[in-house]
Amino acid sequence: MIETTYAAAASGGGPDGGVAGWLTDLMEKLGAPGAGLAVALENLFPPLPSELILPLAGFTAAQGGMSLTGALLWTTFGSVAGALVLYWIGAAVGRDRVRQLVDRMPLLKLDDLDRTEAWFARHGTKAVFFGRMIPVFRSLISVPAGVERMRMTQFLLYTTLGSALWNTVFVLAGYLLGDNWQTVETYMGMYSKAVLAAFVLAVAVFVAVRVRKARRGRREGKGRREREDGQPADEEPEPGTREYERGRSS
Numbered sequence: 009m010i011e012t013t014y015a016a017a018a019s020g021g022g023p024d025g026g027v028a029g030w031l032t033d034l035m036e037k038l039g040a041p042g043a044g045l046a047v048a049l050e051n052l053f054p055p056l057p058s059e060l061i062l063p064l065a066g067f068t069a070a071q072g073g074m075s076l077t078g079a080l081l082w083t084t085f086g087s088v089a090g091a092l093v094l095y096w097i098g099a100a101v102g103r104d105r106v107r108q109l110v111d112r113m114p115l116l117k118l119d120d121l122d123r124t125e126a127w128f129a130r131h132g133t134k135a136v137f138f139g140r141m142i143p144v145f146r147s148l149i150s151v152p153a154g155v156e157r158m159r160m161t162q163f164l165l166y167t168t169l170g171s172a173l174w175n176t177v178f179v180l181a182g183y184l185l186g187d188n189w190q191t192v193e194t195y196m197g198m199y200s201k202a203v204l205a206a207f208v209l210a211v212a213v214f215v216a217v218r219v220r221k222a223r224r225g226r227r228e229g230k231g232r233r234e235r236e237d238g239q240p241a242d243e244e245p246e247p248g249t250r251e252y253e254r255g256r257s258s
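Reading the sequence shown from the start, the letters are residues 9 to 258 in the numbering used here.
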């Protein structure tokens, strides 16, 4: 049965068939633990698409290559294991290093980080839970949780719940769709692109606003220096100054 899975996957499961073929081979050799390993690697290397791994695991379970329960449990275990690695990376980097990095970056301010930290303190559990269902961010959300030293019990609980929900939807989709399991990858690919486009747009708007504020600040600073050194001829004098009174009398 696994040979059938391999043939179906390699015929067009990924952009060039290679990723799907590698995943199928991994599941053929290791079974459900292979699916868990693939999901753990997906957390660490987001270009590995969960929208390919999870439905393929479900399809493999439907073909008898592993049990459906095993696929669900091992993929969730892999999600949590990968998230823990990123959590520890964030904890190792630490809050002080992040503040030093932000302080050196153009267009970013420590106030931005302070607001982000305050938001995460209030909504961190929701961010970890719902973040597990957003492509790309489902991996990255573990890093700020580690930086902020979120309580491990909370992190594990909400990571497990969010991962279990996400994985169950897509493993079951692959299981029920059978030979059409790649339909999940197609639609999820569009969802991922929409999320990425929204993120890029948000970054572009943030940069544009910050650049505009920086330019305005430079102009205002230049104006203050000119007023201190002497009123420019092409600029209207301020009321109450000698230049203003002299202009009125003349």
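Beta carbons are placed, not taken as given, at the ideal position from N, Cα and C, and that holds for glycine.
From a predicted model like this one, the values you see are computed outputs, not experimental measurements.
Quick check: residue i and residue j, are their CB atoms within less than 7 Å of each other?
i           : j           : result
residue 63  : residue 178 : yes
residue 150 : residue 91  : yes
residue 49  : residue 60  : no
residue 1   : residue 83  : No statement about residue 1 is possible, as the shown extent of the chain runs from 9 to 258 and does not include it.
residue 74  : residue 40  : yes
residue 158 : residue 132 : yes
residue 51  : residue 171 : no
residue 189 : residue 141 : no
residue 176 : residue 31  : no
Considering residue i, what are the terminal residues of the alpha helix (DSSP H) in which it resides?
i           : result
residue 155 : 150-155
residue 53  : Element bounds for residue 53: n/a, residue is neither H nor E.
residue 264 : Nothing about residue 264 can be read from this structure; the chain reaches only from 9 to 258.
Compute the beta-carbon to beta-carbon distance between residue i and residue j, rounded to the nearest angstrom, for a pair I have assumed lies under 8 Å.
i           : j           : result
residue 45  : residue 86  : 6 Å
residue 145 : residue 139 : 5 Å
residue 166 : residue 137 : 4 Å
residue 95  : residue 163 : 6 Å
residue 118 : residue 107 : 6 Å
residue 8   : residue 152 : An answer regarding residue 8 cannot be provided, because it is not within the stretch 9 to 258 covered by the chain.
>> Would you call the stretch 178-196 in contact with the stretch 69-82, where contact means no fewer than 3 C-beta pairs closer than 8 Å?
In response: yes
> What are the uninterrupted segments assigned as alpha helix (DSSP H) that are 4 or more residues long and contained completely in the stretch 101-167, given in chain order?
Replying inline: 118-139, 145-148, 150-155
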